[in-house]
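Asker: For reference, the structure I am asking about is given below.
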Amino acid sequence: MGRSSPKAALFWPLLLVILALDVTTKSLAVTFLVPEYVPHGVVGEWVQLTLAYNPGASFGIGVGPYSRGVFIVLALFALVILAQLYRATAPSDRLRAMALALVCAGAGGNMLDRIRSSRGVIDFIDLGIGDTRFYTFNVADMAITVGALALAWVLWQEDRTRSVAAGHPVTESQSPS
Numbered sequence: 749m750g751r752s753s754p755k756a757a758l759f760w761p762l763l764l765v766i767l768a769l770d771v772t773t774k775s776l777a778v779t780f781l782v783p784e785y786v787p788h789g790v791v792g793e794w795v796q797l798t799l800a801y802n803p804g805a806s807f808g809i810g811v812g813p814y815s816r817g818v819f820i821v822l823a824l825f826a827l828v829i830l831a832q833l834y835r836a837t838a839p840s841d842r843l844r845a846m847a848l849a850l851v852c853a854g855a856g857g858n859m860l861d862r863i864r865s866s867r868g869v870i871d872f873i874d875l876g877i878g879d880t881r882f883y884t885f886n887v888a889d890m891a892i893t894v895g896a897l898a899l900a901w902v903l904w905q906e907d908r909t910r911s912v913a914a915g916h917p918v919t920e921s922q923s924p925s
């Protein structure tokens with residue numbers, strides 16, 4: 749049996765751990781954070797746990813009665829694109845593999861919620877001060893955000909490296925400060 753590449757050795761365990769963490773924390777939220785939409789303080793009013801269901805996308809963006817189906821199809825489409833990016837990833841590119849694993853796990857976790865229930869994605873992490881709150885989110889949302897930022901960084905660095913290799917030096921305005 750052949751050895752797996754460094755990217756696979758990072759990608760698959762990370763994807764599975766994040767997906768399991770997401771599913772487990774959502775299950776715990778549904779079991780213990782009742783009734784819905786009632787905050788449970790963790791660190792005063794700064795950090796609360798509040799069970800909420802989101803039938804739309806981030807910030808409650810929806811497309812009416814078709815939101816569930818549309819967002820399931822969009823998640824599947826995103827996972828196909830991410831799979832292509834994974835296949836194109838060099839075996840030693842661990843940062844890109846990590847970023848892709850995070851985004852895939854998050855997309856998969858939220859898609860599972862949509863498949864299992866017409867109520868939508870289970871959210872429960874509630875940050876803010878008083879009535880000024882950030883949107884309620886979950887582990888999958890955190891994975892998507894961190895993974896997307898890391899992937900953007902990696903792809904920007906790859907583009908920058910290609911530009912330099914092609915003889916187009918990066919100017920000061922194009923380099924990070």
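Adding 748 to a residue's 1-based position in the sequence shown gives its number in the working numbering. Every residue gets a Cβ at the ideal spot worked out from N, C-alpha and C, and that includes glycine.
Please return the same chain residues whose Cβ sits closer than 6 Å to the Cβ of residue 770, not counting the five positions on each side in sequence.
Answerer: Taking the sequence shown and counting its residues from 1, the one referred to as residue 770 is at position 22. The answer, listed in chain order, is 857, 887 and 888.
Asker: Tell me the rounded alpha-carbon separation between residue 806 and residue 876.
Answerer: In the sequence shown, counting from the first residue as 1, residue 806 sits at position 58. In the sequence shown, counting from the first residue as 1, residue 876 sits at position 128. Approximately 17 Å, taken between the alpha carbons.
Asker: Under a three-way DSSP split, which group does residue 837 fall into?
Answerer: Locating residue 837 in the sequence shown gives position 89, where the first residue counts as 1. Correct three-state label for residue 837: coil.
Asker: Going by the DSSP bridge assignment, what does residue 832 pair with across the sheet?
Answerer: Taking the sequence shown and counting its residues from 1, the one referred to as residue 832 is at position 84. None, per the DSSP bridge assignment.
Asker: Assuming residue 850 contacts residue 891 under a Cβ cut-off of 8 Å, what Cβ separation, rounded to an integer in Å, is found between them?
Answerer: Along the sequence shown, read from residue 1 onward, the residue named residue 850 stands at position 102. Along the sequence shown, read from residue 1 onward, the residue named residue 891 stands at position 143. Confirmed, Cβ separation roughly 4 Å.
Asker: Assign residue 759 to one of two classes, buried (16 or more other C-beta atoms within 10 Å of its C-beta) or exposed (fewer than that).
Answerer: Position 11 of the sequence shown holds residue 759. Buried.
Asker: Which one or two residues does DSSP pair with residue 870 in a beta bridge?
Answerer: Within the sequence shown, residue 870 is the residue found at index 122, counting from 1. 801, per the DSSP bridge assignment.
Asker: Starting from residue 786 and walking both ways along the alpha helix (DSSP H), at which residues does that stretch end?
Answerer: The count along the sequence shown starts at 1 and reaches residue 786 at position 38. No alpha helix (DSSP H) contains residue 786, which DSSP labels as neither H nor E.
Asker: Just reading off the alpha helix (DSSP H) that residue 861 is part of, what are its end residues?
Answerer: Mapped onto the sequence shown, residue 861 falls at position 113. Taken as a continuous stretch (DSSP letters only), the alpha helix (DSSP H) holding residue 861 covers 842-864.
Asker: My assumption, with CB atoms under 8 Å, is that residue 723 sits in contact with residue 784. Please give the rounded CB distance.
Answerer: This structure does not reach residue 723, given that the chain is present from 749 up to 925, and the question cannot be answered.
Asker: What residue range does the alpha helix (DSSP H) around residue 811 cover?
Answerer: Position 63 of the sequence shown holds residue 811. Premise fails: residue 811 is in no alpha helix (DSSP H) and is neither H nor E.
Asker: Leaving out five residues before and five after residue 789 in sequence, what residues of the same chain have Cβ atoms less than 6 Å from its Cβ?
Answerer: Along the sequence shown, read from residue 1 onward, the residue named residue 789 stands at position 41. Here the set comprises 796.
Asker: Using the beta-carbon count (16 or more within 10 Å), is residue 897 buried or exposed?
Answerer: For the purposes of this step, residue 897 is taken as the residue at position 149 of the sequence shown. Under this definition residue 897 is an exposed residue.
Asker: For the candidate residues 902, 894 and 884, whose alpha-carbon lies nearest to that of residue 803?
Answerer: Position 55 of the sequence shown, counting from 1, holds the residue named residue 803. Checked all of 902, 894 and 884; the closest Cα to residue 803 is 884.
Asker: If you reduce the DSSP assignment to three classes, tell me which class residue 759 lands in.
Answerer: Translated into positions along the sequence shown, residue 759 becomes position 11. Three-state DSSP puts residue 759 in a helix.
Asker: 7 Å is my cut-off, CB to CB: does residue 772 come that close to chain D?
Answerer: Absence of chain D from the displayed structure is noted, only one protein chain being present.
Asker: Alpha carbons only, please: which of 836, 872, 756 and 752 is nearest the one belonging to residue 774?
Answerer: Locating residue 774 in the sequence shown gives position 26, where the first residue counts as 1. Among 836, 872, 756 and 752, the Cα nearest to that of residue 774 belongs to 872.
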